[in-house]
Each structure stands twice: as C-alpha cells, then as structure tokens.
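K.L.:
The following block contains the structure, expressed as structure tokens.
Numbering (this note's numbering), first residue to last: -9 to 386.
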C-alpha cells in the first residue's frame, strides 16, 4: 500500500502532464512549469494584451504580480528584496557583476575547470578585452574547497579580484561549501560570485547566511519558471564596492535640485520594461515550491538521486561521478559507462528518448550522462531509467 508520502508526491506529479508522456529527468537543462501556474499566466496574458497593457488598472495588476514575485523569491533565496535584481538568465547576472568590477591588466579571476559556458564566456571576454588572467582550480574529482582555493590565491600571478564558482557543478553534480569559500575570498579581499543554476529551486541557499557577495541563477530550471527569467543577489557590502556598468531608468536616483546618483539597491542592475508575464509566472512557481516547503523539496531531490546512485552503481560497467553522500550533492547525478566516449553518450541520449521515452542529457569534459531528479519525478521514473540503461548496448 502506498505511503502518505508516496501519495503526496503523486498528487504533485499530476501538476505536470509532461511526466505522463515521458520520464522527464532533465530539469538541470529546463524545468517544467506547473499546470496551475501555466493557467494563471495564460489568464494574465489575455487580460494584459486584450484589455490594453498601458491601462493603469491592467498594468497595475501585472506589476503587482511582478513585485510579489520578488518578495517570494527573496523569501526562497534567504535575502531581502533590495538584494535582488531580475535577470533574463544566469549569464546576464554573471556579466552584471564581472563587468562592474574595475579591472587592470594582470588582475586574476579564480574559477574551476568544470564551469558552465555561462561563466566561461564572460571570463573569456575579460581575458580578451581586459587582459585578466584566469586561474582554474581542479574540480573534476572533488569540488573546490577551502584548501584548493586558498592555494590558488597564494599561487596567483597577480591580484585576485574575484572568485567565480558553481554552487553545484553542472557536469559532476558536486556541491561546494559556500560559507567556507566565502571566508577565504574575504580574507583576500576578493569578490565571491556564485553560479547558482543547479541549486536554486532544488534547495534554498539562505544567501545572507552563506556570506557570498553575489549569486546568479535562472528561473527556468529548478525554480520551474519560464525561460527568459532569472535573478541576481548582490550582498549589501558588495553594492557599496561596485557600481553598475550599464544604466537604465531604475539605475539612477533622481532628486529635484540634486545631481543624479547611481542607485545602491540591486534593482539598479535590472533592465527596464521587464517581461512582466514571465516574472509574474516565476513568482507563482516560487509560491508553488514554498507551499510544499523547500526542505521537503530538497529532501525529495536527494532521495530520488540517492536511490538512483545506489541502483546504478551496483550494475557492472557503470560508475557514478556524483558523490554518494547526499550532503555533497542535490538533484543532479552524473554517471559513466565503461568504454563510452562523448559520441557514445550523445547516441545513448537519443536512444533513451526514442526507445524508452526517457529524457536525460550528456555532458562533456569529462564525458558522462546526467540525470536530474526534481519534485515531479517518482521512484518509478528512477526504475525506468535504470531498466533502460541496462538495455543499452555497451561498446565492444
């Protein structure tokens, strides 16, 4: 007989019709929006555009929903509203911080060798345009920690102005200890900027407690919102040290009789004329998660990931990259198949979808398969993935 917990999660899964069509195990790329939120968003869209978006009553309804979204997001992220700016994705947030730091040729950024292009592209830009030096900490076998990052500081070929790391690696699924790394960064006076793409929504990061300076994240992965949404946390202390590198009306403080000043709230980094429908929808998906409870969501992600890691590691020919310890990972699991190269993994992804209706992805450097387990997934999804993997033909 199913337990009360099993029944609860089955009820949650009904909010996501896609999960009846496929085994959707790729939230780490894009999450699924709850049906109830999609319905509310469609209703708001009809009201907004059919009634006339420039009407005071119509625009007020939409912008009230956007303002509420920021309140809810601040609640989930563990910060204040004035600490948050809306972004279109993680990359925009990473850029907003890095391009606001004054760079000199020879300055250094410390990062890891398992970062997403959302981090690598802005760093490459700094390397090309500002002649900044990039130092990578090895992170393929173990996540960056206080010892490895401290070593990178000591051996850096110039002044380290920033450290940019993922909270959870999109390649390995390994979780870093933000508080310990923040402590190292602050001892050396460097900005600690975090890519939170694979954590925010699977867990609640409690940002003010971690001590990080900045945290960029998307709204469309584990937070279940629409594409084109994201956020950027800027600690109050960082907002006193940097200034926006671009200006929008919300970036400037205007007071009659006084010269204009740059704003000090995180909203100064936010574009004007936001996609109100998208941010309203993000607020509703955040409310959906908060109603369940973020501790409960994180535990669900970890439970399903743990079951999969135990199952797949017991099968000959398979290896698990992500740590077995639930405290060192969350909902992402990367795993390998003996003899497989990247091209084999890409073919496996295609085969699993075509023959088993299982949606996962491949990663590279190091090559592996990656599954994502979120609140709409079930133990049967885990078993279906394991069965499908057992039937994959291994290279000779």
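We put the CB at the ideal spot given by N, CA and C, even for glycine.
These figures come from a predicted structure and were not determined experimentally.
By the DSSP assignment, the beta strand (DSSP E) with residue 361 in it spans what residues?
P.N.:
Numbered from 1 along the chain shown, position 371 holds the residue referred to as residue 361. That run of the beta strand (DSSP E) goes 358 to 362.
K.L.:
What distance in whole Å lies between the Cβ atoms of residue 375 and residue 298, which are believed to be in contact at a cut-off of 8 Å?
P.N.:
For the purposes of this step, residue 298 is taken as residue 308 along the chain shown, with counting starting at 1. For the purposes of this step, residue 375 is taken as residue 385 along the chain shown, with counting starting at 1. Rounded, the Cβ-Cβ distance is 7 Å, consistent with contact.
K.L.:
Whole angstroms is fine: what's the gap from residue 372's alpha carbon to residue 172's?
P.N.:
Residue numbering aside, residue 372 sits at position 382 when the chain shown is read from its first letter. Residue numbering aside, residue 172 sits at position 182 when the chain shown is read from its first letter. Taking the straight line joining both Cα atoms gives about 35 Å.
K.L.:
With a threshold of 7 Å on Cβ separation, who are the neighbours of residue 35 within its own chain once the five nearest residues in sequence on each side are excluded?
P.N.:
As a first step, residue 35 must be located in the chain shown, where it is residue number 45. Same-chain partners within the cutoff: 267.
K.L.:
If you compare alpha carbons, which of 213, 209, 214, 182 is closest to residue 200?
P.N.:
As a position in the chain shown, residue 200 is number 210, starting the count at 1. The residue with the shortest Cα to Cα distance from residue 200 is 182.
K.L.:
Which partner residues of residue 182 appear in the DSSP bridge assignment?
P.N.:
In the chain shown, the residue the question calls residue 182 occupies position 192. DSSP output for residue 182 lists 153 as bridge partner(s).
K.L.:
Quick one: which unbroken beta strand (DSSP E) runs of 3-plus residues sit fully inside the region 262 to 343? Chain order, please.
P.N.:
Entirely contained in the region 262 to 343, the beta strand (DSSP E) runs reaching 3 residues are, in chain order, 308 to 310, 322 to 327.
K.L.:
DSSP puts residue 67 in a beta bridge; with which residues?
P.N.:
As a working note, residue 67 is residue 77 in the chain shown. DSSP, once it has assigned bridges, lists no residue as partnering residue 67.
K.L.:
Where does the unbroken beta strand (DSSP E) through residue 100 begin, and where does it stop?
P.N.:
One-based indexing of the chain shown puts residue 100 at position 110. That run of the beta strand (DSSP E) goes 98 to 102.
K.L.:
Distance, Cα to Cα, residue 88 vs residue 149?
P.N.:
Your numbering for residue 88 matches position 98 in the chain shown. Your numbering for residue 149 matches position 159 in the chain shown. Taking the straight line joining both Cα atoms gives about 15 Å.
K.L.:
Would you report the Cα separation of residue 71 and residue 84, rounded to the nearest angstrom?
P.N.:
Here residue 71 corresponds to residue number 81 of the chain shown, with the count starting at 1. Here residue 84 corresponds to residue number 94 of the chain shown, with the count starting at 1. If you take the alpha carbons of residue 71 and residue 84, they lie about 19 Å apart.
K.L.:
Rounded to whole angstroms, what's the CA-CA distance from residue 77 to residue 218? Just pull it up for me.
P.N.:
The sequence position of residue 77 within the chain shown is 87, counting from 1. The sequence position of residue 218 within the chain shown is 228, counting from 1. Rounded to whole angstroms, residue 77 to residue 218 spans 8 Å at the Cα level.
K.L.:
If we ignore side chains and look at the alpha-carbon of each, how far apart do residue 47 and residue 292 end up?
P.N.:
Reading the chain shown from its first residue, position 57 is the one you call residue 47. Reading the chain shown from its first residue, position 302 is the one you call residue 292. Near 44 Å, if we compare the C-alpha coordinates of residue 292 and residue 47.
K.L.:
If you drop the 5 nearest sequence neighbours on each side, which residues of the same chain put their C-beta closer than 6 Å to that of residue 332?
P.N.:
For the purposes of this step, residue 332 is identified with residue 342 of the chain shown, where counting begins at 1. Counting only Cβ-Cβ distances below 6 Å, and skipping sequence neighbours, we find 354, 357.
K.L.:
How would you label residue 177, buried or exposed, when you count the other beta carbons within 10 angstroms and need 16 or more for buried?
P.N.:
In the chain shown, residue 177 corresponds to position 187, counting from 1. By the neighbour-count rule (16 or more Cβ atoms within 10 Å), residue 177 is not buried but exposed.
K.L.:
If we ignore side chains and look at the alpha-carbon of each, how far apart do residue 307 and residue 206 end up?
P.N.:
As a working note, residue 307 is residue 317 in the chain shown. As a working note, residue 206 is residue 216 in the chain shown. Using only the alpha carbons, I get a separation of about 37 Å.
K.L.:
Using the Cα positions of residue 380 and residue 325, report the straight-line distance between them to the nearest angstrom.
P.N.:
Walking along the chain shown from the start, residue 380 turns up at place 390. Walking along the chain shown from the start, residue 325 turns up at place 335. Using only the alpha carbons, I get a separation of about 13 Å.
K.L.:
On a CA-only basis, which of 238, 369, 273 is nearest residue 262? Give me that one, please.
P.N.:
Residue 262 sits at position 272 when you count from the first residue of the chain shown. Answer by Cα proximity: 238.
K.L.:
Taking only the alpha-carbon atoms, compute the straight-line gap between residue -9 and residue 288 and give it to the nearest angstrom.
P.N.:
By one-based count along the chain shown, residue -9 stands at place 1. By one-based count along the chain shown, residue 288 stands at place 298. Model confidence at residue -9 stands at a pLDDT of 47, short of 50, so the residue's coordinates are unreliable; what they give is reported in the following sentence. Using only the alpha carbons, I get a separation of about 25 Å.
K.L.:
Which residue's Cα is closest to the Cα of residue 162: 170, 105, 145?
P.N.:
In the chain shown, the residue the question calls residue 162 occupies position 172. The shortest C-alpha separation from residue 162 is found at 105.
K.L.:
Name the residue from 244, 194, 255 whose alpha carbon lies nearest to the alpha carbon of residue 65.
P.N.:
Here residue 65 is taken as the residue at index 75 of the chain shown, counted from 1. With distances taken between Cα atoms, residue 65 lies closest to 194.
K.L.:
May I ask you to list the residues that DSSP assigns as paired with residue 242?
P.N.:
Taking the first residue of the chain shown as position 1, residue 242 is located at position 252. According to DSSP, residue 242 bridges with 252.
K.L.:
When the Cα atoms are used, what is the spatial distance from residue 255 to residue 317?
P.N.:
The residue given as residue 255 occupies position 265 in the chain shown. The residue given as residue 317 occupies position 327 in the chain shown. Their Cα atoms are separated by approximately 33 Å.
K.L.:
Could you check which residue in 312, 323, 367 has the C-alpha nearest to that of residue -2?
P.N.:
As a first step, residue -2 is located in the chain shown; it is residue number 8 there, counting from the start. Ranking 312, 323, 367 by Cα distance to residue -2 puts 367 first.
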